[in-house]
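Student:
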Amino acid sequence: MDKHYDPKAVEAKWYAWWEAQGFFHAEAARDGEPYCVMIPPPNVTGILHMGHALNSTVQDILVRWRRMEGRNTLWLPGTDHAGIATQNVVEKALRKEGKSRRDLGREAFLQKVWEWRKEYGGTIVRQLRQLGASCDWPRERFTMDEGLSESVAEVFCRLYNEGLIYRGNYIVNWCPRCHTALSDEESEHQETQGNLWHIRYPVSDGSYLTVATTRPETMLGDTAVAVNPKDERYTHLHGCTVTLPLLGRTLRVVADDYVDRAFGTGVVKITPAHDPNDFQVAQRHDLPSVNVMHGDGTMNEAAGPYAGMDRFACRKQLVADLEAQGLLVKVEPHLHAVGHCYRCDTVVEPRLSLQWFVRMKPLADAAIEAVRSGQVQFTPKRWEKVYLDWTENIRDWCISRQIWWGHRIPVYWCGDCRHEWAAKQAPTACPKCSATAITQDEDVLDTWFSSWLWPFSTLGWPHDNADLQKYYPTHDLVTASEIIFFWVARMIMAGCKFMGQPPFRHVYIHGTVRDDQGRKMSKSLGNSIDPLDIIAQYSADSLRFSLMMITATGQDVQVNMDKFEIGRNFGTKIWNAARFLLLHMEKTTGLDWRALATTAPQLDPAHLTDDDRHLLATCDETVRNMTAQLEQFRFQDGARLLYDFIWSSFCDWYVEYAKDDLYGEDLARREQVLRLMTHVFASSLKLLHPYMPFLTEELWHTMGYATAEETILLAPWPRPLTPSMTAAWGLSESVTAYVDAKHELIGAGRSLRAEYGIPPAKQIRYVVHTLEAGTAERFARDQRSLQALLRAETIEIVAGGEAQGMPGAIGKLGTIYLPLSGLIDVRAEMTRIQGELTKTRGFLNGIEAKLANDGFVAKAPPQVVEQQRAKRSELTETMARLERLAKTLSELAP
RNA sequence: GGGGGAUUAGCUCAGUUGGUUAGAGCACUUGCUUGACAUGCAAGGGGUCACAGGUUCGAGUCCUGUAUCUCCCA
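For reference, each letter of the first sequence is one residue, going 281 to 1174 in our numbering.
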């Protein structure tokens, strides 16, 4: 084995093998309690970014862990067709050829999109493989494929026939660039610095009214002005009319509660075709609507002299004209939230148009109950409030889009009798009058109208089948907060409505990956880190592990390239631990490493040292905690647990202890150590596999823990030790405490060495006086390993008593001394001990103050009081020992 | 305007029901070609837990308010 792990070839090799062997494939007919995760389908146009890397790593950890636990595990992958985004991409390519989609016509254009998808649509799923995602690829689905399209049509028809889908003229968010309606969720509000223009409207009585507006160009569509009925400033105007400047149209003055008296002048213009609130006012007062814009954001004929101008050019010109006529009172800077298209960032225009909507209230009720009752749980829990707030104030969903790429709305009209109906299959004749002149709605459905069915459409719904029976409802949904409304809430609604139960039990919401200045990663800022660059530089395992190590549950994470050294270094550490083990394994014959790695260890209790027991106990603790952390979606804690166990417990302490035995001549002991280390190392690899799948598989084979046909990804997840094993091996808290205290004393000895500037390699003498005789016996048994860890030539172990005139350091079990006759700097040593004394005194003072407090003794739980008393006596003892040490040293002073 | 999150070491962050003198990684200082590993080893320095009140025997942790940053909704 090389000194450094080279992940490149290794990662590609194992992934190809795993996939070819079908290890990720799930079968409903197989045994095992099902465990199912549905991937949040990335856009087919997408390329892997850090958000995907985080999202997919979390899912893969869950899936690999559950699979090792023996669950019948399915992680179903796929992509969505991203209607607007994909159409934009293909249109852009066409534009380069000087063509538009209209030049091609609908059929030919769609053909182009499918060709594009075939050529480029596989990018992101290939990248997910590089990350190590253990998806069931043969089940990969696409929202536009046949089965999913059938689901969409089925759902549309059902909702339509139940009256939950309707068509109407309402104000929608219109993107003038994408040329389509958007849902409320697709219009992103951004704080924008604009102006509030105060404009004079002449009143019929000869006076003027001043209205304030942020979008002056829409005044061309005004059909009234409104005041608050309680606003006494304007009572006299009720029933009057005003003249619309520039166009001269006569407008009514209406009184409506909607008007905020404090905003602007307390008079607002009413433009029903271009503002949702105005639209409602218009309905209440029976006002006409005048649409002044084309779909592309240019002014139409109704705009009179401004017809043909772009909306923003019109604004400029119109303001100038008003000013020229003396009708512009003032212009105030005004900060307000402006909707922007979530696909192209164009300023959204509220616009009256004929669209299809889903009536959401009836669907929301069951979805609210699903979360309130705890059937669906969010982690972190705070997102439940966000979810409930949205679902409880649900608004109807605009589902029609004026584009071509997507599921075409399955609504038909008869050319003869004007009958309207919805049908899954394209009809050949009108069901009412049998006429054959039929037209279908031109629009397509919102992409989310297919995504919200994802948890069951991907399993074959509406056809009942074994997969649906086995895997629905799924278990964990892993996603980002941005799409709780878009996707999570709607999926719960669809699941409750069409499957009779919500689609998953847990929703884990992870944070956003940001740059090291806390900014969102974005193309325009150029601050993105490409996960593939990290994989190329450090490996997929490093990316995964580092990301988990630095991401707290549900919190945003800040990354930069350097952070990924964590995973790389950890990988190298494990690699070298394996190298060390292998070195010694090769010197030993007759042991079946595979059996030792995969079955309960056969250890001879008579030959176990306390260090062995300590490692076994710590390993067991790690197994238990690891499982508990994963159950709670605490991936960072899990990563840290493994990092500490492998690096600190196994490498820093046990490997160092083991060297003495492994390089020694006692064959039986050497074998025992190798059995133990194999068990612990194999358990560690298994626990780590979900985080670092490639390295662990590589080592699983290199170490001889598996035959060529076997894989770690199907190795059974480590189980806690049974009480009988614990008892047989003599694991106990007192053993653990002893070894911990021994580590403390070794640390104290190393500090002494460092204080005196003795090079680490120099073999020196130590003297240890233990507090108890029993400890001296234990130390005598551990003499060789103590010497190794302290790099000591000899250690003189004495039961009880204290050494005189040597620098020493105090530990729980005793005092360790450095016999440096003649070399001691008494003054420096006194300073050091004084420091220790001050520290201990401070500690002790705090505890004594607590114990002197009657309230504490009376009210704190007895065990807490007891703990403090024990600490007090221990510290008192330490003080006394330190003082005696100081005294014997001071006697050396000249 | 409503709601959420954050504020802990130079940096990035842990700290799970209130109970040792608050931890880790990185960075920093010192010393090391230690028979797995310099992508490493050992030892160290570094924090009045944003601020002000309150509850409590006891607050980084609970409550109220303030400030700053950030996100979502209108």
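Glycine included, each C-beta is placed from N, C-alpha and C at the ideal position. On a predicted model such as this, the values are computed, not experimentally measured, just so you know.
What is the rounded straight-line gap between the Cα of Y667 and the Cα of F658?
Tutor: In the first sequence, the residue the question calls residue 667 occupies position 387. In the first sequence, the residue the question calls residue 658 occupies position 378. Roughly 9 Å between the two C-alpha positions.
Student: Please classify I809: does DSSP put it in a helix, a strand, or coil?
Tutor: Looking up residue 809 in the first sequence gives position 529. Residue state, collapsed to three classes: coil.
Student: Take D890 as the anchor and find which of V953, F915, N856 and P496 has the nearest alpha-carbon.
Tutor: Against the first sequence, residue 890 aligns to sequence position 610. Of the listed residues, the one whose Cα sits closest to D890 is V953.
Student: Given this structure, state the Cα-to-Cα distance separating E420 from G358, to the nearest angstrom.
Tutor: Here residue 420 is taken as the residue at index 140 of the first sequence, counted from 1. Here residue 358 is taken as the residue at index 78 of the first sequence, counted from 1. Cα-Cα distance, rounded: 5 Å.
Student: Counting beta carbon pairs with one atom in the segment 517–524 and one in the segment 476–489, are three or more of them shorter than 8 Å?
Tutor: Contact between the segment 476–489 and the segment 517–524 is present, because at least three Cβ pairs lie under 8 Å.
Student: Given this structure, state the Cα-to-Cα distance separating I809 from D836, to the nearest angstrom.
Tutor: For the purposes of this step, residue 809 is taken as the residue at position 529 of the first sequence. For the purposes of this step, residue 836 is taken as the residue at position 556 of the first sequence. Straight-line Cα distance between these residues: approximately 15 Å.
Student: When you compare each of G1010, D1134 and A919 to D884 by their alpha carbons, which one comes out closest?
Tutor: Position 604 of the first sequence, counted from the start, is the residue given in the question as residue 884. D884 has its Cα closest to that of G1010, out of G1010, D1134 and A919.
Student: By Cβ distance below 6 Å, which residues in the same chain neighbour D555 in space, the five residues on each side in sequence not counted?
Tutor: For the purposes of this step, residue 555 is taken as residue 275 along the first sequence, with counting starting at 1. Same-chain partners within the cutoff: P630.
Student: On a CA-only basis, which of P1003, T1002, T1050 and K1042 is nearest K1022? Give me that one, please.
Tutor: Counting from one through the first sequence, the residue named residue 1022 turns up at place 742. The candidate whose alpha carbon is nearest that of K1022 is T1050.
Student: Give the single residue among C437, H361 and T991 whose Cα lies nearest to the Cα of G402.
Tutor: In the first sequence, the residue the question calls residue 402 occupies position 122. That would be H361, whose Cα lies nearest to the Cα of G402.
Student: Can you tell which of V609, A858, N580 and Q838 has the C-alpha that lies nearest to the C-alpha of L975?
Tutor: Taking the first residue of the first sequence as position 1, residue 975 is located at position 695. Measuring from the Cα of L975, the nearest candidate turns out to be A858.
Student: Could you give the C-beta distance for C624 and C455, rounded to a whole number, given that I count them as a contact under 8 Å?
Tutor: As a working mapping, residue 624 is identified with position 344 in the first sequence. As a working mapping, residue 455 is identified with position 175 in the first sequence. Indeed they touch by this definition, with Cβ atoms about 7 Å apart.
Student: So V1048 packs on I1077, CB below 8 Å; how close in whole Å?
Tutor: Here residue 1048 corresponds to residue number 768 of the first sequence, with the count starting at 1. Here residue 1077 corresponds to residue number 797 of the first sequence, with the count starting at 1. About 5 Å separates the two Cβ atoms, so the contact holds.
Student: The ligand SAM and A1060: does the residue's C-beta get closer than 7 Å to at least one heavy atom of that ligand?
Tutor: Absence of the ligand SAM from the depicted structure is noted, as is the absence of any ligand whatsoever, leaving it without description.
Student: G402 by DSSP, collapsed to three states: which one?
Tutor: As a position in the first sequence, residue 402 is number 122, starting the count at 1. Residue state, collapsed to three classes: coil.
Student: According to DSSP, is H554 part of a helix, a strand, or is it coil?
Tutor: Taking the first residue of the first sequence as position 1, residue 554 is located at position 274. Here H554 sits in coil by DSSP.
Student: Please confirm if the segment 721–734 is in contact with the segment 670–684, defined as three or more CB-CB distances below 8 Å between the two stretches.
Tutor: Yes: the two stretches touch, three or more of their Cβ pairs being nearer than 8 Å.
Student: Cutting at 8 Å between CB atoms, please list the residues of its own chain near P585, excluding the five before and the five after it.
Tutor: Counted from its first residue, the first sequence places residue 585 at position 305. Only L526 meet the Cβ criterion.
Student: Pull the bridge partners of E1076 from the DSSP assignment, please.
Tutor: Your numbering for residue 1076 matches position 796 in the first sequence. Answer by DSSP bridge pairing, in chain order: V1047.
Student: Go ahead and pull the three-state DSSP assignment for R1058.
Tutor: Against the first sequence, residue 1058 aligns to sequence position 778. Of the three classes helix, strand and coil, the one that applies to R1058 here is helix, per DSSP.
Student: Tell me the DSSP secondary structure of Y488 in three-state form.
Tutor: What you label residue 488 is simply residue 208 of the first sequence in a count that begins at 1. Residue state, collapsed to three classes: strand.
Student: Alpha carbon to alpha carbon, what distance is there between R564 and A706?
Tutor: Within the first sequence, numbered from 1, the residue matching residue 706 stands at position 426. Within the first sequence, numbered from 1, the residue matching residue 564 stands at position 284. In a straight line, the C-alpha of A706 is about 40 Å away from that of R564.
Student: Return the residue from the list W670, I814 and H864 that minimises the CA-CA distance to E945.
Tutor: The count along the first sequence starts at 1 and reaches residue 945 at position 665. It is H864 whose Cα lies nearest to the Cα of E945.
Student: Please return the same chain residues whose Cβ sits closer than 6 Å to the Cβ of A746, not counting the five positions on each side in sequence.
Tutor: In the first sequence, the residue the question calls residue 746 occupies position 466. Excluding positions up to five away in sequence, the list reads A308.
Student: If we ignore side chains and look at the alpha-carbon of each, how far apart do P320 and E468 end up?
Tutor: Taking the first residue of the first sequence as position 1, residue 320 is located at position 40. Taking the first residue of the first sequence as position 1, residue 468 is located at position 188. C-alpha separation (whole angstroms): 21 Å.
Student: What residue ranges within the segment 697–749 form continuous alpha helix (DSSP H) runs of no fewer than 4 residues, ordered along the chain?
Tutor: You should have 728–731 and 734–737.
Student: Per DSSP, which one or two residues make a beta bridge with W693?
Tutor: Indexing the first sequence from 1 puts residue 693 at position 413. According to DSSP, which records beta bridges pairwise, W693 is partnered with E700 and T719.
Student: Ignore the nearest five residues each way along the sequence and tell me which others in Y923's own chain have a CB closer than 8 Å to its CB.
Tutor: In the first sequence, the residue the question calls residue 923 occupies position 643. Result list for Y923: M829 and F850, in chain order.
Student: Excluding five sequence neighbours on each side, which residues of the same chain lie with their C-beta closer than 6 Å to the C-beta of E349?
Tutor: Along the first sequence, one-based indexing puts residue 349 at 69. For E349, where only same-chain residues beyond five positions count, the Cβ hits under 6 Å are W997.
Student: Tell me the rounded alpha-carbon separation between E430 and I451.
Tutor: In the first sequence, the residue the question calls residue 430 occupies position 150. In the first sequence, the residue the question calls residue 451 occupies position 171. If you take the alpha carbons of E430 and I451, they lie about 30 Å apart.
Student: What is the DSSP secondary structure of K549, counted as helix, strand or coil?
Tutor: Here the question's residue 549 lines up with position 269 in the first sequence. If DSSP states are grouped into helix, strand and coil, K549 belongs with the strands.
Student: Quick one: measure Cβ to Cβ for M579 and M589, integer angstroms, because I've assumed they're closer than 8 Å.
Tutor: Mapped onto the first sequence, residue 579 falls at position 299. Mapped onto the first sequence, residue 589 falls at position 309. So it is a contact: roughly 5 Å between Cβ atoms.
Student: May I have the straight-line CA-CA distance separating P690 from P711, to the nearest angstrom?
Tutor: Here residue 690 is taken as the residue at index 410 of the first sequence, counted from 1. Here residue 711 is taken as the residue at index 431 of the first sequence, counted from 1. Their backbone Cα atoms lie some 15 Å apart in a straight line.
Student: Measure the CB-CB distance between L876 and R955 and report whether it falls below 8 Å.
Tutor: On the first sequence, residue 876 is found 596 positions in, with the first residue counted as 1. On the first sequence, residue 955 is found 675 positions in, with the first residue counted as 1. Cβ distance < 8 Å, so L876 and R955 count as in contact.
Student: How would you call T754, buried or exposed, if buried means at least 16 neighbouring beta carbons within 10 angstroms?
Tutor: For the purposes of this step, residue 754 is taken as residue 474 along the first sequence, with counting starting at 1. Classification of T754: buried, given that the 10 Å Cβ count is 16 or more.
Student: Note down, one range per segment and in chain order, each beta strand (DSSP E) of at least 3 residues found wholly within the segment 781–857.
Tutor: Qualifying beta strand (DSSP E) stretches, in chain order: 786–790.
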